[in-house]
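Residue numbers (the working numbering): 35 to 269.
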Amino acid sequence: MHKVIIILIKKIVLLFIITVFPLGFYLYLDNEAQTVFKLNIDANINKYVVEVEINPDKNEINYSGKINFINKTGRIQEKIYLYIYPNVANIHEVNINEKKVDFKVIGKSDILMIILRNPLKCEEAANLQINYTLTFGNNMYHNIETGNNSHEFKIWFPMLLPHEKEGWQIENRHKYMVYTEKSRYSIKLLVPKQYKLQLNSTRKIIKKELTEKTIYYIHEDINSYLPIIIKNCKK
């Protein structure tokens, strides 16, 4: 009887550890940490963790992003395809699972094709790391709109192309320019202090003021591109 009681107590303690403690720990964290914690524990959705610095004086966007891609295509994949804005993205480096991999810019210079070292089986995940600089100006046409001391950016980070029954939607990419598989985004956006960020949405934004820059944290589950506007408030 004594042994039964001890076993029962151990089971109750174990149940407490795996249920109540994680919940208490989660509630203790601040809002930003809670979002990151949620981002990490949900394993059934593609995730983007992005850090972007916008430099309007140099007409540049410096991007460093990690994408956790889960192969839900129903096929073994040897390549992964992403949409990038044509002719203005200088890809510095692509890594998968912390190892450099080969890549090519194909199509009309608007598709980033990443060549995997090893085939990715169904339901397996690959961690992509992409670093690039995007130069904006008059050659970006409808992607960047300027006026009233502001810049509107429509497509400014790589997006996984949708995969349908017939395969990656490379030929139909323009149809899907505003659509991708629903993914979880955690974006850290740095802009000069005199610029203010505007979003035409109800997405949650956390703002942190620094001496020369402002950091905006955006966390959201979306299945389309994320247009943003920065406005120079000193002009």
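Where is the CB? At the ideal position from N, CA and C, for every residue including glycine. Bear in mind that the values here come from a model prediction, so they are computed numbers and not experimental data.
Buried or exposed (CB count within 10 angstroms, at least 16 for buried), residue i
{"i": "Leu195", "result": "buried"}
{"i": "Arg151", "result": "exposed"}
{"i": "Leu154", "result": "buried"}
{"i": "His126", "result": "exposed"}
{"i": "Asp91", "result": "exposed"}
{"i": "Ser143", "result": "exposed"}
{"i": "Lys81", "result": "buried"}
{"i": "Leu244", "result": "exposed"}
{"i": "Leu61", "result": "Because the pLDDT at Leu61 is just 41, under 50, the model does not fix this residue reliably, and the value given afterwards should be weighed accordingly. Exposed, since its Cβ has fewer than 16 Cβ neighbours within 10 Å."}
{"i": "Ile149", "result": "exposed"}
Run of the beta strand (DSSP E) containing residue i, from where it starts to where it stops
{"i": "Asp255", "result": "247–256"}
{"i": "Leu223", "result": "217–226"}
{"i": "Gly99", "result": "94–104"}
{"i": "Gln188", "result": "Reading the sequence as shown, one finds Lys at residue 188 and not Gln. Taken as a continuous stretch (DSSP letters only), Lys188 belongs to no beta strand (DSSP E), as it is neither H nor E."}
{"i": "Lys241", "result": "239–243"}
{"i": "Glu85", "result": "80–89"}
{"i": "Leu231", "result": "229–232"}
{"i": "Lys265", "result": "262–266"}
Between the CA atoms of residue j and residue i - distance to the nearest angstrom
{"i": "Trp202", "j": "Phe137", "result": "16 Å"}
{"i": "Glu157", "j": "Ile79", "result": "11 Å"}
{"i": "Ile130", "j": "Met147", "result": "13 Å"}
{"i": "Ile88", "j": "Asn266", "result": "12 Å"}
{"i": "Thr53", "j": "Arg218", "result": "Unreliable positioning characterises Thr53 in this predicted model, as indicated by a pLDDT of 45, which lies under 50. The coordinate reading is nonetheless provided below. Going from the Cα of Thr53 to the Cα of Arg218 covers about 24 Å."}
{"i": "Leu168", "j": "Pro120", "result": "10 Å"}
{"i": "Lys227", "j": "Asn96", "result": "17 Å"}
{"i": "His253", "j": "Gly141", "result": "31 Å"}
{"i": "Ile263", "j": "Lys188", "result": "9 Å"}
{"i": "Ile101", "j": "Ser220", "result": "10 Å"}
{"i": "Glu85", "j": "Glu200", "result": "33 Å"}
{"i": "Glu186", "j": "Gly99", "result": "20 Å"}
{"i": "Leu233", "j": "Asn165", "result": "24 Å"}
{"i": "Asn105", "j": "Lys216", "result": "14 Å"}
{"i": "Leu260", "j": "Ile118", "result": "13 Å"}
{"i": "Lys268", "j": "Phe170", "result": "21 Å"}
{"i": "Lys134", "j": "Val128", "result": "6 Å"}
{"i": "Lys242", "j": "Val83", "result": "18 Å"}
{"i": "Val225", "j": "Thr107", "result": "37 Å"}
Reference residue i; option with closest CA among the options
{"i": "Gln163", "options": "Phe103, Pro261, Glu243, Ile240", "result": "Phe103"}
{"i": "Lys222", "options": "Lys216, Lys247, Ile145, Glu198", "result": "Lys247"}
{"i": "Arg109", "options": "Glu198, Ile262, Glu132", "result": "Glu198"}
{"i": "Asn183", "options": "Lys230, Thr169, Lys142", "result": "Lys230"}
{"i": "Ile256", "options": "Leu224, Met193, Lys242, Ile264", "result": "Met193"}
{"i": "Gln111", "options": "Tyr251, Ile204, Ala160", "result": "Ala160"}
{"i": "Leu116", "options": "Phe191, Leu244, Val86, Phe170", "result": "Phe191"}
{"i": "Lys113", "options": "Val139, His185, Asn124", "result": "Val139"}
{"i": "Pro205", "options": "Ile145, Asn165, Ile249, Asn124", "result": "One point to set straight first is that residue 205 is Glu, not Pro, in the sequence displayed. Ranking the options by Cα distance to Glu205, first place goes to Ile145."}
{"i": "Asn93", "options": "Glu215, Gly99, Ala123", "result": "Ala123"}
{"i": "Tyr251", "options": "Ile239, Pro261, Val135, Asn105", "result": "Ile239"}
According to DSSP, residues forming a beta bridge with residue i
{"i": "Gln111", "result": "Leu154"}
{"i": "Ile125", "result": "Tyr166"}
{"i": "Leu194", "result": "Leu116"}
{"i": "Ile130", "result": "Lys133, Leu162"}
{"i": "Gly201", "result": "Glu198"}
{"i": "Lys138", "result": "Met147"}
Closer than 7 Å: residue i CB and nearest the ligand FAD heavy atom
{"i": "Val139", "result": "The model depicted lacks the ligand FAD and carries no ligand whatsoever."}
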